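Quick note on numbering: the sequence shown equals residues 1 to 401 in full-length UniProt numbering. Note that beta-carbon positions come from the ideal geometry of N, C-alpha and C, so glycine has one too. It should be emphasised that the depicted structure is a prediction, and the values quoted were computed from it without experimental measurement.
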Amino acid sequence: MIESGLRIKGRLDRMGRRFCCFGAAQSRKRKNGGHRTTSDSGVGLPQAPKNVRLFSYNELKSAARNFHPTNRIGRGGFGVVYKGTLRDETEVAIKTLSAESKQGTNEFLTEIDMVSNIRHPNLVQLMGCCVEGRNRILVYEYLENNSLANALLGPANKRIALDWPKRAAICAGTAQGLAFLHEEAEPHIVHRDIKASNVLLDKDLAPKIGDFGLAKLFPDNVTHISTRVAGTMGYLAPEYALLGQLTKKADIYSFGVLVLEIISGRCGSKSIWELDMHTLLEWTWKLRDEDRLLDIVDPELVGYPEEEVLRFIKVALFCTQATSNQRPSMKRVVEMLSDEVSLDVRNLIQPGVVKDRGQTPGNPSGSSGGIWRQRGGQLAKGSSAITSTSAAMSVIELQPR
């Protein structure tokens, strides 16, 4: 009888210890702000940032119909984008990051946490992510009219008729979104790859800047970041392409090229004439010298206000000045586009243009032994600054030795 009582007491003691441990664990979870999510396969998932929904891989795979090719809506520098439909019928854009772009879990979630609070009418909203095994997936709001690149520069069957009011609104909205990233987001954000394919259009053709996979965040007390060049030729500012120096002014340069694309209906990263190898920016400056700026206007545009179009072209030229400190801030650009300030074109100098001649931008000492050659000035390998004549840096070419 005594032995039976001792056995019962022992079991009760062990149960009490287990209950205490369980209660302490739950208390720690509540203190730490929650618990780990479990995937469809029963595998524990890391704690998601509080403002970001954490999706399982199977949930997104099902939403994108097993990532079927017919659901593919785009491809970027970091991976492929699919259209998906969640269980509640919400349409989303699912971006699967490529293997070479994958970060560690903590680094990935830290970056997601920083961008998840960035909300603006002209920025694509991040809805959630997936961090399961080696999978790194971002989930964004779905934009019905795809990218500006498709609408403006894509195949004929994908283009959208854009009159001048629509094009002007796209320029202004993109400027406002970029100004928000530069001036109001905390921390301030440099996008690094502003181009037509990274500007998406909603059902009303309102622009939203997307693809923050290439975004670089830095505190206000950092003037520039020397980093691996990430961007697209034709949009790259000279100081970024050559020296890897990243500032907000690199985005402003890219925005200037984008404005010229929107006005002309031509691609800024391709030559206008194969023989002369003129880029859109070079051609625009040539027409300025000849007092024929309106010649760059898309032939499909009719009945446009010439003075307003000329203003937008001149703003683009201010944005693409060869020296970064001569470019306006994005806040100033918004004012310039809205006719709130007068433009003194006497201060314009020839834009800086980077041309690729078989060598990776930003890597002049690569294996092919290429050198950077600049007309109107010199740029030595390993130099910390771009030197130029009074004519400023006009065209920078990268050619094999």
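For the pair L109 and V297, the Cα-to-Cα distance works out to about 44 Å. The Cβ-Cβ distance between I209 and L138 does not fall below 7 Å. Secondary structure at A185: coil, using DSSP grouped into helix, strand and coil. Non-local C-beta neighbours of E91 in its own chain, meaning closer than 6 Å and more than five positions away in sequence, comprise T85 and Y142, ordered along the chain. A buried status is given to P207, since no fewer than 16 other beta-carbon atoms sit within 10 Å of its beta-carbon. Cβ-Cβ distances below 6 Å link A172 to L337 in the same chain, with the five nearest sequence neighbours on each side left out; the list follows chain order. The beta carbon of L60 lies closer than 8 Å to those of G84, I94, C130, I137 and V139 in the same chain, with the five residues before and after it left out. A direct Cα-Cα distance of roughly 35 Å separates K203 from T105. In the DSSP assignment, A63 is bridged to no other residue. By alpha-carbon distance to L293, the top candidate from S324, L260 and A151 is L260.
In this chain, the beta strand (DSSP E) harbouring N135 covers N135 to E141.
By alpha-carbon distance to P121, the top candidate from G133, I112, E144 and F180 is F180.
Straight-line spacing of the CA atoms in G352 and R311 works out to 20 Å.
Contact annotation: the stretch 329-343 touches the stretch 156-175, with at least three C-beta pairs closer than 8 Å. According to DSSP, Y82 shares a beta bridge with R72 and I94. The alpha-carbon separation between R346 and S62 amounts to approximately 58 Å. Counting the other CB atoms within 10 Å of its CB gives D211 a total of 16 or more, which places it among the buried residues. Of the other Cβ atoms in all chains shown, 16 or more fall within 10 Å of the Cβ of D193; this residue is therefore buried.
Membership of C129 in the beta strand (DSSP E) is indicated by the continuous run L126 to E132. For K249, the enclosing alpha helix (DSSP H) starts and ends at K248 to S264.
Here E144 has D202 and K203 as same chain residues with Cβ atoms under 7 Å from its own Cβ, once five neighbours each way along the sequence are excluded. With a beta-carbon spacing of about 14 Å, K195 and Y240 fall beyond the 8 Å limit used to define contacts.
With 16 or more other Cβ atoms from the protein chains shown falling within 10 Å of its own Cβ, K249 counts as buried. In this structure, Y57 sits away from E107, with a CB-CB distance that is not shorter than 7 Å. Annotation: the continuous alpha helix (DSSP H) that includes P238 extends over P238 to L243. Burial of H182 is indicated by the presence of at least 16 other C-beta atoms within 10 angstroms of its C-beta.
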